[in-house]
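Peer 1: Dropping a structure here in structure tokens format, bear with me for questions.
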Amino acid sequence: MEDGTQQLGHCMVDMKELSANPEGLTAAGVFLTPKLPQVEFSLACNDLVASGRDRKPNALVQVAVIDPHKQHLVSHACTEIVEANKDPLFLTGVTFPSEYPGSPETLVKLSVYDAKDKSQESSSFLGCATFSVGDLLRAKDERLTLSLRSSDGVCAAGTVVVSRLKMGEMEEVDVDHITTDTPSHKFLSFCSFAFQCPLVCESASHACIDRENNPLTGPVFKNPICKVYRFQTVDSKWMLVREQMEECTLSFSIPKQLLSLYIQEDISRVQDLKELGELSPHWDNLRKEVMTRYGGIISSYQETLAELDKITGHSFKPSCCKAQKPLEFIPINLHTQRMRVTCPRKTDAFYDVVTVGAPAAHFQGFKCGGLQRLLSRYEAEKKSFSTAYQCIYYSPEHTAKAQEVLSTMSLLQPLITSLADQLLQAAQEHSSPGLRDALKNLSDKTEQFVHTLKDELVKSALLALHAAQPGYISKNQKQTPVQGGQHQGHIHQGSDQNQSPVQGLPGHSPATSITDSTAVCNNVEGSQTMTRGEGGPLKHQDSIPHHKEYDEEEWDRVWANVAKCLNCVIAMVDKLQEEDNNKQEPVPEQQLADVITSHNPGDWREQLRPLVTRLKECVMEVVEKAKRAMTFVLLQEAACSIPQGFLLQQRRDVVFSQALAALACGFVMRLYAGMQDQGFLRQLHLVGLVAQFESLLSTYSEEIGMLEDMEVGISDLQRVTFQITEAKTDDLSDLQPLVCGRRDHFTVEVPLPRLVFQTLPEEIKEGKPLRVFPVLFNVGINEQQTIAERFGDISLQERINQRNFEMLEAYCKSLSEQVPLECLPCFQTPTDIKELLETLGQNVVTKKRKNVEILWIAGTICRRLNGIRFTSCKSAKDRTSMSVTLEQCALLRDEHQLSKDFFIRALDCMRSRLTQGDIGQWEDPEAGAVTENKPASRHFYPIALLLVSSHLLVVWLILSLVFLLAKYQ
């Protein structure tokens, strides 16, 4: 019988297209909303007879479909249990989705059971009836009354009433009959409006699904599971509430793309290390060891990627697989949850939340803590590592700067080359406007390039690289050659010291001051890269000389030459345009002939070409030197962190992969829902979106490590931007988000169909990076948190909440300065964002146990800011489900006037037959494998009741006794 309930969750809702331009989106074939079901009906029974004549049955109906071609039963649905009632009215309906392979000849078998208990483990068969879909459609009032046949064939078991759900007005209903005091009568859930026909207020297929301007769901979501409820408002009217949960294809596609990028980046890092050239034996050995470590990571990631490529048909990772190595990059139970509220004569409202297990390295475990603790300990110990390995210690800021320089150069160098070619093309076409535009773009990118490299870190790293090469001789050690990696001295902060900036003991920080070197272009030849020979003429050098005193000012000249060359190009363009303007003025006929003879259209390109070529050569030379310098910085970082640094990087990759998959899922969902909201789109490109992660992890035992992992993973999402692109085609494969970049910065490209893309603001269409501001708030709510608050340490939770409150406050300030209030959504409750922020700040600093107000207020602020909501716990099961359902009922109460008498009933309904699914496992009949549905408890209690439980009381008493004995001994 449980299979029927499980199979009900498999109802697949097909989709239809929607937009302000329906014809265009029909061609696009992307934004999809549910189509009308083929048929929906409700069930009721009359005069049921229990096995014991002195008791009333606890009735439930199992629904099975008989395939007319294959002649076998397929379990389809199951109602709830109505206790102690011989005339039960089931509130769970039955739906056949539009894609269901049914026909009027399809037979439906209804089997009625008497369940002795809620677990349905002990039940007795009462009777069954069979009808065809065609019979129901042809029946008067589309209603059938069927006699139940008992096991002995005698029709004395009662009757079952099948009523098709259809559009209609709510008639008088015996509410007391529906909502008696027995717990099962409080179940108000249906899959598709489970009332008999006269009781229907509005059919879900008309009132909820087939409406204009339904939010878009997009191509990355699949396998929807739908539930529909009807709740009473304070004015005794009925609202229709529909929950839709979907899986997300990004659960696997984003981690797989990240793995490919990690592999490419590490392969490139190994190649860069090889290109450092000849190093002293000490540094060469370290380089080989680092390359070996990178090779191990590459091999491991390639194996993981190969294993993931073998997995087909799955869209999420169940919690039972959270500790499996091949799936460690995949987020746990990543699903989207949308609640749609339909009220009479009111616009539909939508509330979205993404549920996901806490991003954490479950396979690696938490014996030594999580990322936050491990990274802090690692940074504290790295100086001693650098001394042991005879390296120069670089702080995390310097390492990040080196990665930033490498990333910026890899982006700007090909861009500058392309813009330089565009400038020559404009000169070829003799187009003054085109020349000006191309020059402006070239100047902007070149200046950005020069500014990036005008950093003392690059200069000191070049000198350190020179010192690591064979035969290094410093200015103060000409008489005592010291092998690279064993030099001594001190690293200075200033640039005017006589001593070499790399003469220092391992463990000293490199210089951080910036030398602002400027140059004026006098002539093209003088702008070439030079080095000083001893008494000889200046000559071009491709690399730092060996066995000679290193010229510390060479790097200043190298990158300054780029600016010189750019100035020469600008001067030449000004000269050409000035001559062109003079040529257009009236002149004597002979002078005009001379001008035409001396200045033909091809002259512009010919005069610019040597300067542009020299600019590209200087840029390339700078890139080569800076790349080697920054690679050497990263080599020292890697060398002094073997092996711990590589293990931490792998852990960080795993956690970030899970966090990014969840963020991309939430961003796409929010984007599709806001495509018609111009205020939202304006906010998106002007400021960005806040992504609020709600965590319910305790600060006790291994969940401390999970929270420490999650904190770093969510913080790393600040390195992510989004970009909206135009899809090549309207095929679903071309509409999947793509990830590009490297570890220090990733961009997620979200393709949209051409006709949809054209409706976006120009700033977004031009490819402006869209920012997301992740914030994390954590409040533990389970019994382990009670132990932590009484006897443990909750400083981690307090620090996280305080830090992220400050970030949220800064985002709100930026938003208020750039986006008008009318761009934000409207709510029924009058409290403004400023007041909510003040209340949140007070709760963050208040010492209060299990202060869930922090989570509720943060979630409210997020929704008012058009943000993206996430809810997480260890596995996105029990605690997550309780939080989501409690928030949904609170929204119904505060925004849609849910009757206070129905609040607990609505909560019980959502938690008892949850869209989120049942705890444990269900069997996939197609795959024949056991997989886990979106989990949640079968029976829930309000969060406040979690504060006390029987076993918790025992634990508390034991710990109190131990504490007292220790105190008085």
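Going by the numbering used here, the residue at position 348 of the sequence shown is 1166; the numbering climbs one at a time, nothing skipped. Think of the CB as a built atom: it goes at the ideal place given N, C-alpha and C, for glycine as much as any other residue. None of these values were measured; they are calculated from a predicted model.
Hey, which unbroken runs of the beta strand (DSSP E) at 3 residues or more fall wholly within the segment 1511–1548?
Peer 2: The qualifying runs are 1538–1544.
Peer 1: Under 8 Å between the Cβ atoms of R1105 and L1453?
Peer 2: In contact: R1105 and L1453 (Cβ atoms closer than 8 Å).
Peer 1: For G1677, count the other beta carbons within 10 Å of its own beta carbon; 16 or more makes it buried, fewer makes it exposed. Which is it?
Peer 2: Flag for G1677 reads buried.
Peer 1: Beta-carbon within less than 8 Å of S950's beta-carbon, same chain only, minus the 5 sequence neighbours each way: which residues are those?
Peer 2: Here the set comprises P922, E923, T924, L925 and V926.
Peer 1: Could you spell out where the alpha helix (DSSP H) holding I1623 opens and where it closes?
Peer 2: Looking at the sequence itself, residue 1623 is Phe, so the reference to Ile does not match. Where F1623 is concerned, the enclosing alpha helix (DSSP H) stretches over S1613 to Q1636.
Peer 1: Determine the direct distance from the alpha carbon of L861 to that of K1055, and round the result to whole angstroms.
Peer 2: Each residue's alpha carbon lies about 23 Å from the other.
Peer 1: Grab the span of the alpha helix (DSSP H) containing P1073 for me, first residue to last.
Peer 2: P1073 -> alpha helix (DSSP H) spans L1068 to K1092.
Peer 1: May I have the straight-line CA-CA distance separating D1650 from S1213, to the nearest angstrom?
Peer 2: Near 43 Å, if we compare the C-alpha coordinates of S1213 and D1650.
Peer 1: Quick check: the segment 1542–1559 against the segment 1636–1655, are there 3 or more CB pairs under 8 Å?
Peer 2: Contact between the segment 1542–1559 and the segment 1636–1655 is absent, because fewer than three Cβ pairs lie under 8 Å.
Peer 1: For the alpha helix (DSSP H) containing A868, list its first residue and its last residue.
Peer 2: Note, A868: premise wrong, no alpha helix (DSSP H); not H, not E.
Peer 1: Just how far apart, CA to CA, sit V1174 and Q1636?
Peer 2: Their Cα atoms are separated by approximately 32 Å.
Peer 1: Whole angstroms are fine: how far does the CA of A947 sit from the CA of K1045?
Peer 2: Each residue's Cα considered, the two are about 25 Å apart.
Peer 1: Quick check on the DSSP output: the alpha helix (DSSP H) that includes T1657 runs from which residue to which?
Peer 2: First-last of the alpha helix (DSSP H) with T1657: I1651 to V1663.
Peer 1: With a threshold of 16 other CB atoms inside 10 Å of the CB of T1165, please say whether the residue is buried or exposed.
Peer 2: Label assigned to T1165: exposed.
Peer 1: Give a yes or no on whether the C-beta atoms belonging to T1543 and V1568 are separated by under 8 Å.
Peer 2: Yes, Cβ-Cβ distance for T1543 and V1568 is below 8 Å.
Peer 1: Buried or exposed for H816, please, with buried defined as at least 16 other CB atoms from any protein chain shown within 10 angstroms of its CB.
Peer 2: Because the chain spans 819 through 1787 in this model, residue 816 falls outside it and cannot be assessed.
Peer 1: Given that a residue counts as buried once 16 or more other Cβ atoms are within 10 Å of its Cβ, and exposed if not, what is E1064?
Peer 2: E1064 should be labelled buried.
Peer 1: Look at the Cβ atom of V1440, then the Cβ atom of W1377, and state whether they are nearer than 8 Å.
Peer 2: Closer than 8 Å, so yes.
Peer 1: Can you tell me where the beta strand (DSSP E) holding K1185 begins and where it ends?
Peer 2: Element bounds for K1185: n/a, residue is neither H nor E.
Peer 1: Please state if the CB of A1628 and the CB of K1068 are separated by a distance shorter than 8 Å.
Peer 2: A small fix is needed here, since residue 1068 is Leu in this sequence, not Lys. Not closer than 8 Å, so no.
Peer 1: Taking the alpha helix (DSSP H) that P1042 belongs to, which residues open and close that run?
Peer 2: Not the alpha helix (DSSP H): P1042 falls in the beta strand (DSSP E), residues F1039 to Q1050.
Peer 1: I'd like to check one pair, K1272 with L1237: are the Cβ atoms closer than 8 Å?
Peer 2: Cβ atoms of L1237 and K1272: not closer than 8 Å.
Peer 1: Use the C-beta contact count for V1052: other C-beta atoms within 10 angstroms, 16 or more gives buried, fewer gives exposed.
Peer 2: By the neighbour-count rule (16 or more Cβ atoms within 10 Å), V1052 is not buried but exposed.
Peer 1: Whose CA, out of S968, V978 and Q889, lies closest to the CA of T897?
Peer 2: The shortest Cα separation from T897 among S968, V978 and Q889 belongs to V978.
Peer 1: Among the residues of its own chain, which have a CB less than 6 Å from the CB of Q1075, if the five just before and after it don't count?
Peer 2: Excluding positions up to five away in sequence, the list reads V1557.
Peer 1: Check whether the segment 1481–1492 touches the segment 1130–1148, taking contact to mean three or more Cβ pairs, one atom from each stretch, closer than 8 Å.
Peer 2: No: the two stretches stay apart, fewer than three of their Cβ pairs being nearer than 8 Å.
Peer 1: How is the beta strand (DSSP E) around V956 delimited, first residue to last?
Peer 2: Position check: residue 956 holds Arg in this sequence, whereas Val was assumed. No beta strand (DSSP E) contains R956, which is instead part of the alpha helix (DSSP H) from V951 to R956.
Peer 1: In or out: A1389 buried (at least 16 other Cβ within 10 Å) or exposed?
Peer 2: It is exposed - the Cβ of A1389 has fewer than 16 other Cβ atoms within 10 Å.
Peer 1: The alpha helix (DSSP H) that contains I1679, what's its start and end?
Peer 2: Residues E1671 to R1682.
Peer 1: Alpha carbon to alpha carbon, how far is A975 from A1141?
Peer 2: Distance between the alpha carbons of A975 and A1141 is about 51 Å.
Peer 1: With DSSP as the reference, please indicate the residues paired to E1064 in a beta bridge.
Peer 2: Looking at the DSSP assignment, E1064 forms a beta bridge with T1154.
Peer 1: Does the distance between the C-beta of S942 and the nearest non-hydrogen atom of the ligand ADP fall short of 7 Å?
Peer 2: Absence of the ligand ADP from the depicted structure is noted, as is the absence of any ligand whatsoever, leaving it without description.
Peer 1: Just confirm the distance between the C-beta atoms of F1070 and I1129, as a whole number of angstroms; I'd bet it's less than 8 Å.
Peer 2: Right, their Cβ atoms sit about 7 Å apart.
Peer 1: The beta strand (DSSP E) that contains D1495, what's its start and end?
Peer 2: Looking at the DSSP string, D1495 is not in any beta strand (DSSP E), and its letter there is neither H nor E.
Peer 1: Beta-carbon separation of V1590 and G1492 under 8 Å?
Peer 2: Taking 8 Å as the Cβ cut-off, V1590 and G1492 do not qualify as a contacting pair.
Peer 1: In whole angstroms, what is the alpha-carbon distance linking S1078 and L1123?
Peer 2: Their backbone Cα atoms lie some 8 Å apart in a straight line.
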